[in-house]
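In this note's numbering, the protein residues as written are 19 to 90.
C-beta atoms are modelled at their ideal positions from N, C-alpha and C, and glycine is treated no differently.
It should be emphasised that the depicted structure is a prediction, and the values quoted were computed from it without experimental measurement.
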């Protein structure tokens, strides 16, 4: 599910999430690396996290719906 949700994100959002959560870089370090302001990095992390959460919740609801349909 996580992989499927991750692929739904834009390339910009995937990039900042990987740099921040997997490599442990700060917003300042990411911004310097990508040539964008730290505030933009923070914004992208925020919106990427929200989008990933929404994608995972949608998959969860779809899965629950399918299970109900199968048992009905």
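#### Entry: Whole runs of the alpha helix (DSSP H) within the stretch 25-81, excluding any shorter than 4 residues
29-35, 45-52
### Task
Kindly confirm or deny that the stretch 20-28 and the stretch 52-60 touch, where touching means at least three C-beta pairs closer than 8 Å.
no
#### Entry: Burial state of residue 76 (16 or more Cβ within 10 Å)
Looking up residue 76 in the chain shown gives position 58. Exposed, because fewer than 16 other Cβ atoms sit within 10 Å of the Cβ of residue 76.
### Message
Taking 6 Å as the limit between beta carbons, can you name the residues of its chain near residue 37, skipping five residues before and five after?
### Response
By one-based count along the chain shown, residue 37 stands at place 19. 43, 48.
### Query
Do residue 39 and residue 69 have their C-beta atoms within less than 8 Å of each other?
By one-based count along the chain shown, residue 39 stands at place 21. By one-based count along the chain shown, residue 69 stands at place 51. No, they are not a contact pair.
### Message
residue 66 and residue 20 - do their beta-carbons sit closer together than 8 Å?
### Response
Here residue 20 corresponds to residue number 2 of the chain shown, with the count starting at 1. Here residue 66 corresponds to residue number 48 of the chain shown, with the count starting at 1. Going by C-beta atoms, residue 20 is not nearer than 8 Å to residue 66.
### Close Cβ partners of residue 46 (< 6 Å) along its chain, the five nearest in sequence each way excluded
In the chain shown, counting from the first residue as 1, residue 46 sits at position 28. If we look at residue 46 and ignore the five residues flanking it on each side, its Cβ neighbours are 56.
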